[in-house]
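Notes to accompany the following structure.
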């Protein structure tokens with residue numbers, strides 16, 4: 233791929249390719265060079281997770297709570313399966329990560345703004361506490 237020099241003002245590289253390219257690596261990974269695209273997300277948020285993590289989705293039907301997050305709840309069938317190694321821990325962690333990403337992409341712009349605003353308030357409160365030596 234074509235490369236360019238490091239910018240002296242920002243000390244960062246610049247994207248200079250003008251065509252799309254997909255490179256399959258020897259270890260099974262994939263590198264996608266897609267100029268102009270800054271973010272890639274879940275394309276099929278409706279059924280993608282259910283198809284990819286069928287075993288986890290099926291087990292989740294046996295959790296004590298209907299809205300189980302499979303992270304801290306009592307009698308979570310998914311957590312029990314991870315603990316007993318019926319589900320691979322890395323697969324479980326990947327499921328959680330993908331589920332968070334799915335929720336992010338499904339949330340509305342207003343919800344994202346509210347979340348950012350709440351985070352900003354929390355940071356401001358923390359800074360004020362530190363400033364007053366109460367934390």
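Residue numbers (our numbering): 233 to 367.
Even for Gly, the Cβ is constructed at its ideal location relative to N, Cα and C.
By the neighbour-count criterion, in which 16 or more other beta carbons inside 10 Å mark a residue as buried, residue 291 falls on the buried side.
Judged by DSSP in its simplified three-state form, residue 257 adopts coil rather than helix or strand. Between residue 266 and residue 252, the gap from beta carbon to beta carbon is short of 8 Å.
Between the region 278-297 and the region 323-338 there are three or more C-beta pairs closer than 8 Å, enough to call the two in contact.
With a cut-off of 8 Å on Cβ pairs, the region 311-320 is not in contact with the region 359-366, counting fewer than three such pairs.
Excluding its 5 nearest sequence neighbours in each direction, residue 285 has C-beta neighbours in its own chain below 6 Å: 327, listed in chain order. By DSSP's assignment, residue 306 forms no beta bridge with any residue. The Cβ-Cβ distance between residue 298 and residue 307 does not fall below 8 Å. Within the same chain, and ignoring the five residues on either side of residue 250 in sequence, the residues whose Cβ sits closer than 8 Å to its Cβ are 267.
Going by DSSP, residue 248 is part of no alpha helix (DSSP H) at all; its letter is neither H nor E.
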